[in-house]
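Residue numbers (this note's numbering), protein chains in the order written: chain A, 1 to 247; chain B, 248 to 494; chain C, 495 to 741; chain D, 742 to 988. Working notes for the structure below.
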């Protein structure tokens with residue numbers, strides 16, 4: 001099968017921001033040697049951009065590959081692709097509003113996929129969580145597997161679990177956070193991790209007492225602010241990467 | 248509406264200390280991309296000083312803006328202001344003894360605003376907490392909001408919740424710590440965070456057993472020492488910033 | 495007793511990788527001033543390679559000593575050996591499939607050897623744990639000791655406790671992780687530590703609820719992937735060491 | 742009152758090691774802006790050496806002051822002394838075997854002084870804890886205070902609480918660890934902190950189940966090894982300081 005045709009070159013600033021997003025997620029403890037972030041092609045909604053298979057902290061703009069929404073690489077030139085790229089492709093297919101996707105395994109988040117305790121929005125920076133956090137169990141439809149979303153069918157099932165939310169947990173694996181911009185997806189992935197830590201502490205502290213988390217309306221109102229004022233965090237993180245790598 | 252008149256220039260050492268305070272709070276994990284610290288104008292009690300809207304770790308002395316106590320900028324020159332500057336202005340109005348205010352969202356502190364468990368003074372460095380820690384729930388007076396103290400009325404309500412204490416928690420948001428000097432406000436913000444971690448551990452360890460925390464009298468006595476000997480911590484933190492930025 | 499004969503020189507790349515493994519384990523928080531990693535001699539199954547007695551973060555390729563499987567050094571030249579090298583020698587004797595062994599005391603793992611709660615595989619990166627994690631109590635056969643596996647008999651007892659698994663916990667001491675390659679042993683040691691943290695959070699969160707951990711079949715399938723795709727983590731960690739030491 | 746006479750100059754290597762010990766304790770998270778480490782004068786058992794009042798991470802060999810056992814400085818030359826130096830002087834008076842003392846407030850340790858749960862030796866590196874850990878409550882003899890051991894009488898009371906042990910917790914304040922050498926006192930202070938974290942996790946994990954901690958005999962045997970092989974940790978930490986400061 002021949003590679004799908006590229007939708008055209010992307011600006012260096014876009015590739016730089018996407019590569020920086022990988023390093024930001026590593027610096028913030030959201031990803032380690034594993035995990036990946038992608039964005040929809042700025043001028044072609046049926047294409048997305050993501051690094052070749054490499055640890056997030058090592059990504060450079062030159063490592064970015066273009067994929068079609070079946071997750072076939074347009075310009076791999078022999079470079080390996082992430083086994084789980086189907087997470088990204090199938091979410092972009094199912095959700096035209098999603099422009100960026102982050103997949104991670106941060107240790108504080110994994111527990112919420114294991115014991116049936118719903119994650120809730122503990123503070124305004126994690127407001128988008130107030131809409132609810134579904135859990136995808138790959139075992140339900142695929143039985144015993146290697147746990148990876150390694151083909152289109154598994155990606156479709158994951159996207160169905162996520163539905164209209166911007167986050168989905170994956171049992172005994174990790175999570176996915178999405179957004180209408182690269183910056184918002186990164187912001188949400190970072191504050192999902194922070195929120196998880198706060199919820200662990202809050203539940204231990206309360207010992208079963210009700211938690212005055214954000215309700216759905218507060219969540220919607222605060223999430224709108226995060227998408228604007230939240231740029232302040234991106235500006236910090238982007239500057240920190242720029243200081244290290246000069247792009 | 249024209250900008251209020253400036254109360255006059257402030258020494259470079261003062262601006263340097265205030266900018267350093269932002270970076271100290273970031274280095275100590277009290278603030279991340281968000282949060283802010285202000286001080287009352289040294290020669291004009293009806294003015295205060297705070298950085299433009301920027302991540303705390305990036306503040307420089309040149310970023311400091313002067314505000315009146317209604318939180319109108321005197322010298323913004325097109326620079327953006329923090330949406331929540333009203334926290335600062337209204338506390339300075341209500342409390343003539345407060346000379347510096349820190350607002351933060353540190354993850355260990357947020358839980359105490361969510362489950363009705365009072366924060367207590369676990370050790371002498373957090374002595375000021377022994378006077379009691381009120382919780383401000385923005386929902387009580389303003390219903391569902393974006394959670395931000397983004398106008399004077401909300402600032403007034405927050406200051407009323409704080410009353411005569413030097414700390415107030417904000418439900419599902421963060422906290423505010425105050426002091427009679429910049430150094431003491433920073434010290435208190437840092438040790439509020441440390442105290443929160445100690446209390447999480449202590450309550451888990453004790454499993455409901457009474458905690459031999461500082462009582463009110465011990466709190467007053469130890470807090471007085473902190474305001475003097477506590478300068479040792481500031482001297483360390485200030486030196487660390489100076490090593491990085493040369494101011 | 496004269497020293498056993500060396501099985502022959504080993505390539506600089508092998509020594510570099512083994513020395514780097516020590517530093518990787520230190521950088522990942524698996525070892526501190528103590529702990530050690532070894533590998534079987536690439537061309538002599540009755541020999542293994544391990545650093546002289548030195549903190550893992552300080553190991554260089556020149557510090558590597560060759561041992562026979564009774565843990566006698568072939569080429570110590572006056573350099574001291576780890577008191578607990580018998581952990582390594584006796585596991586290599588008992589398990590021909592094991593090519594690398596890591597011994598560590600990481601604080602998150604020690605609790606699982608103290609209270610009879612089995613460690614389970616919380617996520618796919620720790621898949622090898624799904625096969626079960628035995629606990630070795632040195633007291634059972636040797637009574638009150640200094641807790642160290644400091645001779646062959648204790649090493650044999652430890653290897654017997656481990657049996658066919660690739661991990662064993664040591665009561666009030668630490669743990670051992672093994673693998674068919676150096677890279678896999680390091681990977682497993684790192685993700686044992688991460689898994690322990692996830693399990694602490696999960697059990698506190700669930701409060702006794704069943705945990706949807708990996709089952710044995712999922713564990714086998716995911717572990718196979720980790721041994722291939724897991725190289726991505728090694729590539730990152732190895733690059734980080736290389737940046738520091740130039741080998 | 743004139744200053745007591747000095748017992749004579751001390752070698753630069755000794756002063757370097759003592760100054761390095763301060764920085765090591767800061768780097769290991771045992772002390773922050775506060776805390777101090779001292780050693781008995783190598784040739785005068787009625788004198789001890791400790792830095793002037795300064796944050797531990799900033800100590801240099803030139804900051805070291807000599808004190809008599811009533812904690813009067815011999816050579817302050819206008820430099821300030823730690824308010825709590827009486828902790829050190831009174832322990833050296835009461836315990837001729839103690840050659841070094843560390844006082845710290847590490848957050849993981851403070852809880853054990855607040856809720857009546859005894860600290861136990863969770864692993865071999867913290868073996869000295871198996872002998873038991875008393876708690877000093879300054880309130881018992883002195884009523885409401887600023888919590889500081891700021892005179893001889895309070896130091897005597899603390900030393901009495903400690904008795905023949907090498908550690909004592911201070912309610913709502915911190916702890917003291919001692920040893921027969923500087924290196925052992927530092928080692929014990931570091932592993933007290935690590936042990937506290939392990940015990941928090943173990944007790945949460947066990948939920949009240951008995952813990953297979955080191956018993957007293959295991960504690961004695963393992964502590965003897967720590968005082969020898971434990972030098973490996975000191976060698977690492979000392980090298981890390983030397984890399985930073987060149988002494």
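Heads up, the beta-carbon is just placed ideally off N, CA and C, and yes, glycines get one too.
Query	Result
Residue burial classification, residue 987 of chain D (beta-carbon count within 10 angstroms, cutoff 16)	exposed
Endpoints, the beta strand (DSSP E) within which residue 708 of chain D is located	Not covered by the structure: residue 708 of chain D. The range shown for chain D is 742 to 988.
Euclidean distance between Cα positions of residue 156 of chain A and residue 91 of chain A	8 angstroms
C-beta atoms of residue 475 of chain B and residue 418 of chain B nearer than 7 angstroms	no
Pick from D:805, D:824 and D:760 that is closest to residue 747 of chain D, judged by C-alpha positions	D:805
C-beta contact flag for residue 620 of chain C and residue 685 of chain C at 7 angstroms	yes
Segments of 3+ residues assigned as beta strand (DSSP E) that fall wholly inside the segment 873-915 of chain D	908-911
Limits of the unbroken beta strand (DSSP E) element including residue 216 of chain A	Run containing residue 216 of chain A: none in the beta strand (DSSP E); it sits in the alpha helix (DSSP H), 216-229.
Beta strand (DSSP E) segment containing residue 531 of chain C, residue limits	530-535
Identity of the residue in A:36, A:241, A:199 and A:231 nearest residue 302 of chain B by Cα	A:231
Contact under 7 angstroms by Cβ, residue 542 of chain C with residue 582 of chain C	yes
Alpha-carbon spacing of residue 288 of chain B relative to residue 237 of chain A, whole angstroms	31 angstroms
C-beta atoms of residue 929 of chain D and residue 937 of chain D nearer than 7 angstroms	no
Per DSSP, the bridge partner or partners of residue 90 of chain A	The partner list for residue 90 of chain A (beta bridge, DSSP) is empty, contrary to what the question assumes.
The segment 857-875 of chain D in contact with the segment 900-914 of chain D per 3-pair CB rule at 8 angstroms	yes
Chain D contacts from the segment 581-608 of chain C (Cβ-Cβ distance under 8 angstroms)	599, 601, 602, 604, 605, 606, 607 and 608
Buried versus exposed, by CB contacts within 10 Å (16 or more), residue 440 of chain B	buried
Residue range of the unbroken beta strand (DSSP E) whose run includes residue 805 of chain D	805-809
Interface flag, residue 692 of chain C vs chain A, CB-CB below 7 angstroms	yes
C-alpha distance - residue 346 of chain B paired with residue 268 of chain B, whole-angstrom precision	14 angstroms
N-terminal and C-terminal residue of the alpha helix (DSSP H) that residue 763 of chain D is part of	753-768
Residue-level contact to chain A via CB, residue 364 of chain B, 7 angstroms cutoff	yes
Counterpart residues of residue 822 of chain D in DSSP-defined beta bridges	According to DSSP, which records beta bridges pairwise, residue 822 of chain D is partnered with nothing at all.
Exposure of residue 711 of chain C, with buried meaning 16 or more beta-carbon neighbours within 10 Å	exposed
Listed by chain order, chain D residues near residue 372 of chain B by CB distance under 8 angstroms	775 and 846
Spatial neighbours of residue 234 of chain A in its chain, beta-carbon cut-off 6 angstroms, leaving aside the 5 residues before and after	183
Sequence-distant residues of its chain with Cβ nearer than 6 angstroms to residue 426 of chain B (five each side left out)	347, 432 and 435
Contacts of residue 408 of chain B in chain A (Cβ-Cβ under 9 angstroms)	Within chain A, no residue comes near residue 408 of chain B; the closest Cβ sits about 15 angstroms away, beyond 9 angstroms.
Backbone CA spacing between residue 771 of chain D and residue 765 of chain D [nearest angstrom]	9 angstroms
Buried or exposed by the 16-neighbour rule on C-beta atoms within 10 Å, applied to residue 400 of chain B	exposed
Supposed close pair residue 472 of chain B, residue 756 of chain D - CB separation, criterion 8 angstroms	Wrong, their Cβ atoms sit about 29 angstroms apart, outside the cutoff.
Cβ neighbour criterion (16 or more within 10 Å) applied to residue 256 of chain B	exposed
Interface residues of chain C facing residue 780 of chain D [CB-CB closer than 9 angstroms]	Neighbours of residue 780 of chain D on chain C: none; closest Cβ ~20 angstroms, over 9 angstroms.
8 angstroms Cβ cut-off: residues of chain D touching residue 471 of chain B	887
Interface flag, residue 465 of chain B vs chain D, CB-CB below 7 angstroms	yes
Closer than 7 angstroms to chain B by CB, residue 189 of chain A	no
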